[in-house]
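Visitor:
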Amino acid sequence: MHELAVCQALVNQTVDIALQNAAQGVAVITLHIGPLSGVEPALLVSAFPLAAAGTVAADAQLVIMPQPVRVRCRTCGADTEATPNRLLCGICGDYHTQLIAGDELLLANLELIT
Amino acid sequence: MCDSCGCNVTPGNRHLAYKPVNGGTSAVSVLKKLLAHNDDQAAHNRTHFDTRGILTLNLMSSPGSGKTALLEATIDALKDEFRLAVIEGDLETENDAARIRARGVPAYQITTGSACHLDAHMVHEALHHLDLAGVDILFIENVGNLVCPASFDLGQHRNVTLLSVTEGDDKPAKYPVMFRAADAVVLSKIDLLAVLDDFDPARAESCLRDLASTAPLLQLSARKGLGMAAWYDWLRSELTAQRARVAAGQTVKPAIQPDGAEIHAHAEV
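Protein chains in written order, with the working numbering: chain A, 7 to 120; chain B, 1050 to 1318.
1) So which of 1284(B), 1080(B), 1297(B) has the shortest CA-CA distance to residue 1185(B)?
2) Could you tell me which uninterrupted beta strand (DSSP E) segments, each at least 3 residues in length, are contained entirely in the region 25–93 of chain A, listed from first to last along the chain?
3) Residues bridged to residue 1139(B) by DSSP?
4) When the Cα atoms are used, what is the spatial distance from residue 44(A) to residue 8(A)?
5) Please check if any C-beta of chain A sits within less than 7 Å of the C-beta of residue 1234(B).
6) Note down the Cα distance separating residue 29(A) from residue 55(A), rounded to an integer number of angstroms.
7) When the Cα atoms are used, what is the spatial distance from residue 78(A) to residue 85(A)?
8) Residues of the region 91–103 of chain A in Cβ contact with chain B at a cutoff of 8 Å, in chain order, please.
9) According to DSSP, simplified to helix, strand and coil, what is residue 114(A)?
10) Return the CA-CA distance between residue 1140(B) and residue 1162(B), expressed in angstroms with no decimal places.
11) In the DSSP assignment, the alpha helix (DSSP H) including residue 106(A) goes from what residue to what residue?
12) Note down, one range per segment and in chain order, each beta strand (DSSP E) of at least 3 residues found wholly within the region 1197–1268 of chain B.
13) Do residue 1266(B) and the ligand NAP come close, with the Cβ less than 6 Å from some heavy atom?
14) State the DSSP-derived secondary structure class of residue 1070(B), mapped to helix, strand or coil.
15) By DSSP's criteria, residue 1109(B) is part of a beta bridge. Which residues make up the other side?
16) Give the DSSP-derived three-state secondary structure of residue 12(A) in the structure shown.
17) Do three or more CB pairs link the region 1194–1202 of chain B to the region 1123–1134 of chain B at distances below 8 Å?
18) Give the straight-line distance between the Cα atoms of residue 115(A) and residue 1303(B), rounded to the nearest whole angstrom.
19) Out of curiosity, what's the CA-to-CA distance linking residue 1223(B) and residue 1181(B)?
20) Nearest chain B C-beta to residue 28(A) closer than 7 Å, yes or no?
21) Reducing DSSP to helix, strand and coil, say where residue 1167(B) ends up.
22) Compute the Euclidean distance between the alpha carbons of residue 1105(B) and residue 1273(B), then round it to the nearest angstrom.
23) Of all Cβ atoms in chain B, is any one closer than 7 Å to the Cβ of residue 14(A)?
24) At least one CB of chain A closer than 7 Å to the CB of residue 1074(B): is that the case?
25) Name the chain A residues that come within less than 9 Å of residue 1091(B), Cβ to Cβ?
26) I want to see whether chain B comes within less than 7 Å of residue 117(A), judged by CB atoms only; does it?
27) Output the boundary residues of the alpha helix (DSSP H) element that contains residue 1008(B).
28) Round the Cβ separation of residue 1235(B) and residue 1119(B) to the nearest angstrom and send it over; I've been treating them as touching at under 8 Å.
29) In terms of DSSP beta bridges, what is residue 1190(B) paired with?
30) Give a yes or no on whether the minimum CB-CB distance between residue 49(A) and chain B is below 7 Å.
31) Is the distance from the Cβ of residue 62(A) to the Cβ of residue 21(A) below 7 Å?
32) In angstroms with no decimal places, state the Cα-to-Cα distance between residue 17(A) and residue 58(A).
33) Look at the Cβ atom of residue 1157(B), then the Cβ atom of residue 1178(B), and state whether they are nearer than 7 Å.
34) Judging by CA-CA distance, which residue of 14(A), 98(A), 27(A) is the nearest neighbour of residue 117(A)?
35) From which residue to which residue does the alpha helix (DSSP H) around residue 1289(B) run?
36) On the three-state DSSP scale, how would you describe residue 1305(B)?
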């Protein structure tokens, strides 16, 4: 349960960007979160108001875009969808794969009230 | 590292960066890693280790899987060969640091209160209390927890995750984020396999490979001294590799699929 720590990092970065852009408020915060990031979106949403209280982001809507898990096979080269605990190639079944999506933990976009 | 020229906008995220907005609002594309502040501190810690030629290992596992016992056995076996130091993380008590100091190795205890993981700032603070002169290997024993520690870079070079045979052999499938982060997996307490008929080491390894992990699976018992030679050889080879990197002015982060990280390096500003 480190979602509060992640929310505090999120609020700090959001406030910095709002200040840089001389914004009066933040309307929408969009995050990209993959299942292999280790962060649970539902817990993030419930922790966010605590971290944002009293800041320029206090009334912001938090939008989380879930990301699919995808792997690229080192053996056959295919890009396929996978699940968090089965990162095997969907074509040849090899485990020598590299993750190409699914571990994101990104602040993607802010809509600032100016 | 670029918020100004737009090079972090890729075909996969362009629609988010330039999404139309209502009047009175303006959209800002950011694409920042949410733990960027922690990562900056971790990079600072890693530089601190590299300038002193230290190999730093982060030990993670459930509570009670034998992290401290593994360190005690390792100290007894290697303290004449290498200089070791330990940072201990627990919610409360100095107990683990006291166990390490009793073996003649410097240890600093971080008590997190209620925090379920160590972060780079806690480790940085601990470094101010630990004399690292001449140290070859620094072990950071993380808070016993198979979830949160996996998300925080501390500045370590390698992650070691323990799985004891008194836990389920499907743990890697249940906690993929943690086991995917491991550069080596230690299967601990194997002396108990004789009385545990429901733990199959082959199944544990199969669950680990399903995570696309090529990490070595080291089966050992620290208390009974079984299988320890392979662990010590792994430590020696990692220290040799770290010294070669330091000599070449290079560093390394735990290898969660470095090629994958490169592929989305543009997104992970």
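For each residue, glycine too, the CB sits at the ideal point set by N, CA and C. The model shown is predicted, which means the values in this text are computed figures rather than measured ones.
Guide: Based on what the coordinates show:
1) As a position in the second sequence, residue 1185(B) is number 136, starting the count at 1. Nearest of 1284(B), 1080(B), 1297(B) to residue 1185(B), Cα basis: 1284(B).
2) As far as the region 25–93 of chain A is concerned, its whole beta strand (DSSP E) runs of at least 3 residues are 31–39, 67–72, 76–79, 85–87.
3) To locate residue 1139(B), count along the second sequence from 1; it is residue 90. In the DSSP output, where bridge partners are listed per residue, residue 1139(B) has 1160(B).
4) Taking the first sequence and counting its residues from 1, the one referred to as residue 44(A) is at position 38. Taking the first sequence and counting its residues from 1, the one referred to as residue 8(A) is at position 2. Cα to Cα, residue 44(A) sits roughly 9 Å from residue 8(A).
5) Against the second sequence, residue 1234(B) aligns to sequence position 185. Closer than 7 Å: no.
6) Position 23 of the first sequence, counted from the first residue, corresponds to residue 29(A). Position 49 of the first sequence, counted from the first residue, corresponds to residue 55(A). So the alpha carbons of these two residues sit roughly 19 Å apart.
7) The residue labelled residue 78(A) in the question sits at position 72 within the first sequence. The residue labelled residue 85(A) in the question sits at position 79 within the first sequence. The alpha-carbon atoms of residue 78(A) and residue 85(A) are separated by roughly 4 Å.
8) Hits within the stretch, in order: 91, 92, 93, 94, 101, 102, 103.
9) Taking the first sequence and counting its residues from 1, one reaches residue 114(A) at position 108. Correct three-state label for residue 114(A): strand.
10) For this step, residue 1140(B) is matched to residue 91 along the second sequence. For this step, residue 1162(B) is matched to residue 113 along the second sequence. Between residue 1140(B) and residue 1162(B), the C-alpha separation is close to 5 Å.
11) Position 100 of the first sequence, counted from the start, is the residue given in the question as residue 106(A). Element bounds for residue 106(A): not the alpha helix (DSSP H) but the beta strand (DSSP E), 103–107.
12) Within the region 1197–1268 of chain B, the complete beta strand (DSSP E) runs of at least 3 residues are 1207–1213, 1233–1237, 1266–1268.
13) In terms of ligand content, the structure shown is empty, and the ligand NAP therefore cannot be addressed.
14) As a position in the second sequence, residue 1070(B) is number 21, starting the count at 1. The predicted model places residue 1070(B) with a pLDDT of 46, which falls under 50 and marks its position as unreliable, so this point remains unresolved.
15) Start at 1 with the first residue of the second sequence, and residue 1109(B) comes out as number 60. Residue 1109(B) pairs with 1210(B).
16) Here the question's residue 12(A) lines up with position 6 in the first sequence. Assigned with DSSP and collapsed to three states, residue 12(A) falls in helix.
17) Counting C-beta pairs with one atom in each stretch, the region 1194–1202 of chain B and the region 1123–1134 of chain B have fewer than three that are closer than 8 Å, which means they do not touch.
18) In the first sequence, residue 115(A) corresponds to position 109, counting from 1. In the second sequence, residue 1303(B) corresponds to position 254, counting from 1. CA-to-CA, the gap between residue 115(A) and residue 1303(B) works out to about 29 Å.
19) Indexing the second sequence from 1 puts residue 1223(B) at position 174. Indexing the second sequence from 1 puts residue 1181(B) at position 132. Answer to the nearest angstrom: the Cα atoms are 37 Å apart.
20) Within the first sequence, the letter at position 22 stands for residue 28(A). Not one chain B Cβ lies under 7 Å of residue 28(A).
21) Your numbering for residue 1167(B) matches position 118 in the second sequence. It is coil, neither helix nor strand.
22) Position 56 of the second sequence holds residue 1105(B). Position 224 of the second sequence holds residue 1273(B). Taking C-alpha positions only, residue 1105(B) is separated from residue 1273(B) by approximately 26 Å.
23) For the purposes of this step, residue 14(A) is identified with residue 8 of the first sequence, where counting begins at 1. So no, residue 14(A) is outside the interface.
24) In the second sequence, counting from the first residue as 1, residue 1074(B) sits at position 25. Cβ-Cβ to chain A under 7 Å: yes for residue 1074(B).
25) Looking up residue 1091(B) in the second sequence gives position 42. Here the premise fails: no neighbours, minimum Cβ distance about 13 Å.
26) Mapped onto the first sequence, residue 117(A) falls at position 111. Yes, residue 117(A) lies at the interface with chain B (some Cβ there is under 7 Å from its Cβ).
27) Residue numbering for chain B in the displayed model covers 1050 to 1318; residue 1008(B) lies beyond these limits and cannot be assessed.
28) Translated into positions along the second sequence, residue 1235(B) becomes position 186. Translated into positions along the second sequence, residue 1119(B) becomes position 70. Between residue 1119(B) and residue 1235(B) the Cβ distance is about 7 Å, and since that is below 8 Å, they are a contact.
29) Residue mapping note: residue 1190(B) aligns to position 141 of the second sequence, counting from 1. Partner residues in the beta bridge of residue 1190(B), as assigned by DSSP, are 1108(B), 1137(B).
30) By 1-based counting over the first sequence, the position of residue 49(A) is 43. Chain B contact via Cβ: absent.
31) Indexing the first sequence from 1 puts residue 62(A) at position 56. Indexing the first sequence from 1 puts residue 21(A) at position 15. Using a Cβ distance threshold of 7 Å, residue 62(A) and residue 21(A) count as a contacting pair.
32) In the first sequence, residue 17(A) corresponds to position 11, counting from 1. In the first sequence, residue 58(A) corresponds to position 52, counting from 1. The straight-line gap from Cα to Cα measures roughly 6 Å.
33) Reading the second sequence from its first residue, position 108 is the one you call residue 1157(B). Reading the second sequence from its first residue, position 129 is the one you call residue 1178(B). The criterion of a C-beta distance shorter than 7 Å is satisfied by residue 1157(B) and residue 1178(B).
34) Here the question's residue 117(A) lines up with position 111 in the first sequence. It is 27(A) whose Cα lies nearest to the Cα of residue 117(A).
35) For the purposes of this step, residue 1289(B) is identified with residue 240 of the second sequence, where counting begins at 1. For residue 1289(B), the enclosing alpha helix (DSSP H) starts and ends at 1277–1296.
36) The count along the second sequence starts at 1 and reaches residue 1305(B) at position 256. Judged by DSSP in its simplified three-state form, residue 1305(B) adopts coil rather than helix or strand.
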